[in-house]
Structure formats: structure tokens, C-alpha cells
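Let me begin by presenting the structure, written as C-alpha cells, before commenting on it.
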Amino acid sequence: MAPIALLAGDAARAYAPLVPLQFQEALAEAGASCLAFGLMADGQPAGILLAQRLEDPAGADLLLVHVVAEHQRQGHAGRLVSLAEARLRADGVRWLRTFYEAGGAATEALLARGGWDAPEASMMYIVSSPASVAPAGWMKPRDLGPRFEIFSWTALTAAEAEGLVGQPWIPEDLHPAAQLDGWCPLTSVGLRLDGEVVGWVINHLQDEATLSFTCSFVRPDLQRLGRVFALYREAVARMVRAGIPTAIWHVPLRHPGMAAFAARWMLPYAHASTTIMRTTKQL
15 MAPIALLAGD AARAYAPLVP LQFQEALAEA GASCLAFGLM ADGQPAGILL AQRLEDPAGA
75 DLLLVHVVAE HQRQGHAGRL VSLAEARLRA DGVRWLRTFY EAGGAATEAL LARGGWDAPE
135 ASMMYIVSSP ASVAPAGWMK PRDLGPRFEI FSWTALTAAE AEGLVGQPWI PEDLHPAAQL
195 DGWCPLTSVG LRLDGEVVGW VINHLQDEAT LSFTCSFVRP DLQRLGRVFA LYREAVARMV
255 RAGIPTAIWH VPLRHPGMAA FAARWMLPYA HASTTIMRTT KQL
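If you use the working numbering, the sequence shown corresponds to residues 15 to 297, in order.
Structure (C-alpha cells):
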């Protein structure tokens, strides 16, 4: 049977070709803040699992389970998950969480066999480009008026950042301070009204060709007039100047209004869309 080993340091780096860009930082923390197991077959890395503890010490994210095609359907993914669960349980973790693309039959079968909870839709990813959204009515320039100012998020002052802390109108998962790990300063923008920060679009560069529109929000009393579109226009213009051809809009489905907004205004101009499922397991 192909051996599986706990990974850290140089041993973990040998598995880098199997790990998508968004999980490379986690891989670099293997043996520290990230738990990593590697499958070796025929003397070559053939599979990897990454898991990471959450702020809640009782929880952890199962970030990645990947086995190369020629070694799939041999039970290796299940072995990786079982070993990770045992190690996390021994370390005091009491529950696991994972996210995956809807329609992945192999993933869903693996989770069902492992006794995970019934999944629920968590996020929609909408893939588009500056060219695909160009015909959208919301891309046509509109004057916001003299009381509004669009600014680069790099110009946010320390006092403004402090002023956003604890604001009751900001959902916890849409707070800009929670989005700044690996953010893209070049394309992230904010909105001021009479000098007060009232909106933002915080983006992340997924790779050289793909910009993730990760978090967009405008104060609720200002949403109905579509002022977030002004931020989208500015962010799209910045990605064009930077030569980034592809955009992925992140739509958290836990906010029904945002899901309806995306269906009406974003999906008609999309190249593709994907729904991300969420599930948990008690250890």
C-alpha cells in the first residue's frame, strides 16, 4: 500500500506541484499552523491533504484533499482524511469544516462515506471579464455627486479603519478588516460619503490572470441606488490597466439579498458560475 507521511519543511515543499496557488501559503506552514499529510507512490508525490486550525480552537478547516489521477479510486483520499481526523482529534479539535464545488461526485461520495453532515450552498463564484461585463448597464459611467468620493483602499487612514470597528451596519463576514490577508491593493477601492467610509470592494489576486472580487459592501441605507456599481466600475478599470483578464465575483449565499443581486446583475454577463458547498463533521 502506498505510504502516507506527516509533512513539514522540505518534505512538504516536494508536494508543491500538487497544491493550487491559493493553498501554497498553507503548505508553507506545514508542520506549524497547517497539518499536512502526503501520499507517495512509485517514489513520487501522489496525493496531499491540508488542514488548518480555526480561531475557534475546537475547529479546523479541511482545505485540500487531492490525489493524482492515476492513483484515484484506490481509497487513498479516504486514508488521508482518516489520518487527519485522528491527528486533529488527538490535538483537541472537535469539529471539521470543508468547502467544495457542487456536483463533484467523488468528493460528495468521500464525505458521505466519512459521515459528514448534509451539505448546504455557501458561496457562488461568477467568472467574467472586463469584456463580458462591458455591455452591462451598470458599467455606464454615472456621477455620484459631490458628497461621494471613490478612493484607493490603500488611502484608508488608521482613524477610518478604527472607526469601522464594531459598526452595527457591517456584517461580520463582510467587514473589510477581515479581508486583508493577501489582498490586492492595486484594485481594491472604497467609498466615502461626506468624508465617512460607507463602502468597499476588496479584491485578491488569485493568480497573474485572475482577480477575485472577494468582498463588496455598501452601507444598507445607500444600497438601493446601486452605488456599489461605481466601485465595480473603478475596480474593473484598474484591473484593465493592470492587464488582468479574468474576474471571479464571490457571492456569499448566506445573504439572500446579495444572491438576488448577483442573479439579476452579474450572471447575465458571466462566462461561467460555480456553487460552493459547505459541510461539517463532529470528531
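The beta carbon of each residue, even a glycine, is placed where N, CA and C say it ideally should be.
Spell out a yes or no on whether the region 96 to 107 and the region 61 to 72 are touching, meaning 3 or more CB-CB pairs, one atom from each, closer than 8 Å. yes
Distance between R241 and M253 (C-alpha atoms, nearest Å): 19 Å
Which same chain residues, not among the five before or five after R206, have their C-beta less than 6 Å away from its C-beta? E163
In DSSP terms, what G213 is bridged to: L205, V232
Just to check my reading of the structure: L292 and S136 have Cβ atoms closer than 8 Å, yes? What is that Cβ distance to the nearest angstrom? According to the sequence as given, residue 292 is Arg; it is not Leu. Right, their Cβ atoms sit about 4 Å apart.
Just to confirm before moving on: does the CB-CB distance between W130 and G73 stay below 8 Å? In this structure, the beta-carbon distance from W130 to G73 does not fall below 8 Å.
CA-CA distance, A223 and P259? 6 Å
Check for me: the alpha helix (DSSP H) holding P144 runs from which residue to which? Its alpha helix (DSSP H) spans residues 144 to 147.
With which residues is Q66 paired in a DSSP beta bridge? C48, D75
Report yes if the CB atom of Y283 is closer than 8 Å to the CB atom of P149, and no otherwise. yes
Three-state secondary structure (DSSP) of P59: strand
Looking only at DSSP bridge pairs, what is T171 linked to? Answer by DSSP bridge pairing: none, since T171 is not bridged.
Could you name each continuous beta strand (DSSP E) segment of 3 residues or more that falls completely within the region 88 to 160, going from the start of the chain to the end? 109 to 115, 134 to 142
According to DSSP, is M280 helix, strand or coil? In the structure shown, M280 falls within a coil segment according to DSSP collapsed to helix, strand and coil.
I'd like the list of long-range same chain contacts for G92, defined as Cβ closer than 8 Å, with 5 residues on each side in sequence excluded. L124, R127, G128
Measuring alpha carbon to alpha carbon, tell me which residue in I140, V232, T228, L170 is nearest W183. V232
For M291, report the span of its beta strand (DSSP E) as first-last. M291 -> beta strand (DSSP E) spans 286 to 296.
Measuring alpha carbon to alpha carbon, tell me which residue in H189, T288, G151 is nearest E176. For E176, the closest alpha carbon among the candidates H189, T288, G151 is that of H189.
If you follow the beta strand (DSSP E) that L239 is part of, which residue opens it and which one closes it? Per DSSP, L239 belongs to no beta strand (DSSP E) and is neither H nor E.
CA-to-CA distance, Q88 to V215, given in whole angstroms: A straight-line Cα-Cα distance of about 44 Å links V215 and Q88.
Quick one: what does DSSP say L225 is sitting in, helix, strand or coil? strand
Beta carbon of I140, beta carbon of S287: below 8 Å? Result yes, Cβ atoms of I140 and S287 sit closer than 8 Å.
Contacting residues, own chain, Cβ-Cβ under 8 Å from Q36 (five flanking each side not counted): Q220
Residues bridged to M54 (per DSSP): P59
Rounded to whole angstroms, what is the Cα-Cα separation between L281 and I290? Straight-line Cα distance between these residues: approximately 16 Å.
Simplified DSSP state of E39, which is helix, strand or coil: helix
Roughly how many whole angstroms lie between the Cα atoms of R67 and S202? C-alpha separation (whole angstroms): 28 Å.
If I follow the unbroken alpha helix (DSSP H) through A22, where does it start and stop? A22 -> no alpha helix (DSSP H), and no H or E assigned at all.
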